[in-house]
Amino acid sequence: MTAERCLIFQRDRTMLISAASPAFPAARDHLRQFAELVQSAGTYHTYRVTDLSLWGAAASGLTAGSIAAMFDRYGEHAPPRSLVAFVQEFIRRYGLLRLEGAPDALRLTSTDRALLTRIATAHEFTWDDRRLIIPDGRRGWLKSTLAAEGYPVIDVAALASTEALPFDLRSDFHLRAYQTEAVERFVERGESGGVVLLPCGAGKTVVGIAAAARLQARTLIVTPSRTIAEQWHRHLLDLTTLSRTEVGFYNPRRSPPPVTIVTYQALTSRANGRAANLANLVDFPWGLVIYDEVHGLPADVFRSSAALQSRRRLGLTATLVREDGRERDVFSLVGPAVYSVPWRRLEHHGWIAPVDCVEVRVRLAREQPVTPERLLAAKLRALRVLAARHRDKPLLVIAHRLIEVAAAARAVGAPVITGQTPLSERRALYDAFRNGECRCLVLSRVANAGVDLPDAAVLVQVSGAFGSRQEEAQRVGRLLRPKRGSRATFYSLVAAGTRETEFAARRQRFLIDQGYRYQVVDAEALDVR
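According to the numbering used here, the stretch in the sequence shown is residues 4 to 532, in order.
Listed below in structure tokens is the structure:
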């Protein structure tokens, strides 16, 4: 048996990979192309093959044969026949159904006549020769429904015709090599949608802007918050030849400008008679719709996305993990992942900062009863010591509940930003942090996604959202802007002996899958008392 053989197959379509093997980094990089990380504790990491992970692999050009070759190269023994058959079947299904034609003359085609017959019978579609007639209004519904039934639809139907918007990137601005590749992968696809996965700090916004410029497209940009919307607005004006009259925020009282930025909340609001105005916004002849932080799309935005299926769609995110299990909706209504790059590779080239991830276990004395108040007090003691240890570096502190945010702010004597903080005050505090006037900010979940604080060097997470891997990825992302050669540190305070340890283990998966080492230490080991 060679040193490369570090993979153990199990009959439930999971695989164990030995982290102690010299072949671990290469084997893991192969695995993450077609399997999902399930568990990362201990000597072995566990990956599972799913229908969705295989469709994503097929969309990126991976074949059942190349996956079988990987099994042969790294497996300690031959894989179970059931696993091989599963891989072959679901790779085969990608591309089996194709949506073709014009928006007003959609047709579902397949080389599998029996499959089309079953779909026609189950969903009462009529035939056009050997194809099924699909009403334009059911384009999104069809893709979502059939994906849920185990059959992804490749959407190569013509897009709605739109008027071009001539603009370019400024001549003095140059994309990084991986940003150029991401734009090329998206623009040159035969399908109408796709997702680009890049870590925070790697310039996802720049990729979106460059894609819009390359397509010369009237563009609707959907963002999670007003703060992130303002960052898009600033970048569009700084990096492109667009004028101020051509870029703006959604306003129900005015016609949308050629490049319009809207928040998720505004896109789904039905209050105060805004439904008709939003319908006009959705029906505007956009050439491109960009979903920023697509991993966090609310369910109502998915329904809006179903109405935008005749437009080209670009999703941007650091991770497609959703704790609500709706990755399938992103896949079917926005598109498959068309470009991703391991975080550590970008770190190696200096595009993002290296980050040390440390989980600090805080404990109560054995004679003390465990209560939320005592656990928070123990975490605050740890927070004060960590803040003192890193007093010379820009520090962010993030907590889940507002009571924890307030307590943390008192513990370190720093200003607070929550969802209740007025927008003008948020801007002032963010600006003060960026220019060095403020060395520490305490934040609620409002800062999980997209807030640009490039100089942040240390982040202490007091609490998180019950094991959310996407939240962990977003919070670490606050530290990933390059730091002129220095490293950043991410601390997560976890109460030992509680369910927080289970949640923390779940959140670690994404980071370990990206190649980060996640150190777990007791608070006492850091001289935290």
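Ideal Cβ positions, reconstructed from N, Cα and C, are used throughout, including at glycine.
Buried/exposed call for residue i, threshold 16 Cβ in 10 Å
i: residue 169; result: exposed
i: residue 416; result: exposed
i: residue 532; result: Interpretation of residue 532 is limited by its pLDDT of 42, a score under 50 that renders its predicted location unreliable; no figure is taken from the coordinates.
i: residue 275; result: Residue placement at residue 275 cannot be trusted, given a pLDDT of 45 that sits under 50; the coordinates are not used to answer.
i: residue 147; result: buried
i: residue 414; result: buried
i: residue 524; result: exposed
i: residue 152; result: exposed
i: residue 130; result: exposed
i: residue 271; result: buried
i: residue 195; result: buried
i: residue 124; result: exposed
i: residue 425; result: exposed
i: residue 92; result: exposed
i: residue 23; result: exposed
When the options are compared against residue i, the one with the closest alpha-carbon
i: residue 371; options: 107, 500, 337, 238; result: 500
i: residue 343; options: 356, 329, 321, 337; result: 321
i: residue 356; options: 43, 491, 302; result: 491
i: residue 293; options: 462, 101, 190, 110; result: 190
i: residue 12; options: 302, 50, 23; result: 50
i: residue 201; options: 299, 46, 78, 346; result: 346
i: residue 423; options: 299, 393, 408; result: 408
i: residue 48; options: 76, 9, 66, 55; result: 9
i: residue 504; options: 377, 365, 425, 22; result: 365
i: residue 37; options: 425, 65, 20, 22; result: 65
i: residue 101; options: 335, 348, 394; result: 335
i: residue 245; options: 172, 306, 255, 315; result: 172
i: residue 233; options: 367, 252, 447, 489; result: 252
i: residue 237; options: 214, 256, 262, 254; result: 262
i: residue 368; options: 392, 526, 216; result: 526
i: residue 156; options: 179, 79, 337; result: 337
i: residue 179; options: 353, 79, 515; result: 353
i: residue 206; options: 39, 229, 181, 380; result: 181
Span separating the alpha-carbon of residue i from that of residue j
i: residue 418; j: residue 444; result: 6 Å
i: residue 310; j: residue 187; result: 26 Å
i: residue 287; j: residue 496; result: 47 Å
i: residue 62; j: residue 193; result: 11 Å
i: residue 158; j: residue 46; result: 42 Å
i: residue 541; j: residue 88; result: Summary: the structure shown does not reach residue 541, with the chain confined to residues 4 through 532, and so no result is reported for it.
i: residue 18; j: residue 73; result: 12 Å
i: residue 461; j: residue 494; result: 8 Å
i: residue 14; j: residue 54; result: 16 Å
i: residue 231; j: residue 176; result: 21 Å
i: residue 298; j: residue 225; result: 12 Å
i: residue 71; j: residue 98; result: 20 Å
i: residue 119; j: residue 431; result: 58 Å
i: residue 117; j: residue 128; result: 14 Å
i: residue 469; j: residue 114; result: Note on residue 469: pLDDT 48, under 50, position unreliable in the model; the coordinate value appears next. Roughly 45 Å separates the two Cα atoms.
i: residue 484; j: residue 140; result: 42 Å
i: residue 212; j: residue 239; result: 7 Å
i: residue 512; j: residue 203; result: 17 Å
i: residue 247; j: residue 268; result: 24 Å
i: residue 221; j: residue 250; result: 10 Å
i: residue 1; j: residue 265; result: Absent from the structure is residue 1, since the part of the chain shown begins at 4 and ends at 532.
i: residue 69; j: residue 34; result: 11 Å
i: residue 447; j: residue 258; result: 34 Å
i: residue 330; j: residue 149; result: 14 Å
i: residue 382; j: residue 16; result: 39 Å
C-beta atoms of residue i and residue j nearer than 8 Å
i: residue 142; j: residue 109; result: yes
i: residue 420; j: residue 464; result: no
i: residue 198; j: residue 185; result: no
i: residue 498; j: residue 378; result: yes
i: residue 7; j: residue 76; result: yes
i: residue 398; j: residue 433; result: no
i: residue 106; j: residue 160; result: yes
i: residue 218; j: residue 388; result: no
i: residue 3; j: residue 162; result: For the chain, the structure presents residues 4 to 532; residue 3 sits outside this window and is missing.
i: residue 223; j: residue 289; result: yes
i: residue 466; j: residue 393; result: no
i: residue 459; j: residue 362; result: no
i: residue 67; j: residue 90; result: yes
i: residue 350; j: residue 319; result: no
i: residue 515; j: residue 164; result: no
Review point. Can you list the beta strand (DSSP E) stretches of 3 or more residues lying completely in the stretch 166-227, in chain order?
Key: 196-200, 222-226
Practice item. Could you pull out every unbroken beta strand (DSSP E) segment of at least 3 residues lying fully inside the stretch 320-406, listed in chain order? Key: 340-343, 358-365, 398-401
Review point. What residue ranges within the stretch 250-294 form continuous beta strand (DSSP E) runs of no fewer than 3 residues, ordered along the chain?
Key: 250-252, 262-266
**Study point:** Continuous beta strand (DSSP E) assignments of at least 3 residues falling wholly in the stretch 67-123
**Key:** 100-105, 108-113
Check your understanding: At what residue ranges does the stretch 21-45 contain a whole run of the alpha helix (DSSP H), taking only runs of 4 or more?
Key -> 27-34
Point to revise | Ranges of the alpha helix (DSSP H) found wholly within the stretch 132-166, counting only runs of at least 4 | key: 142-151
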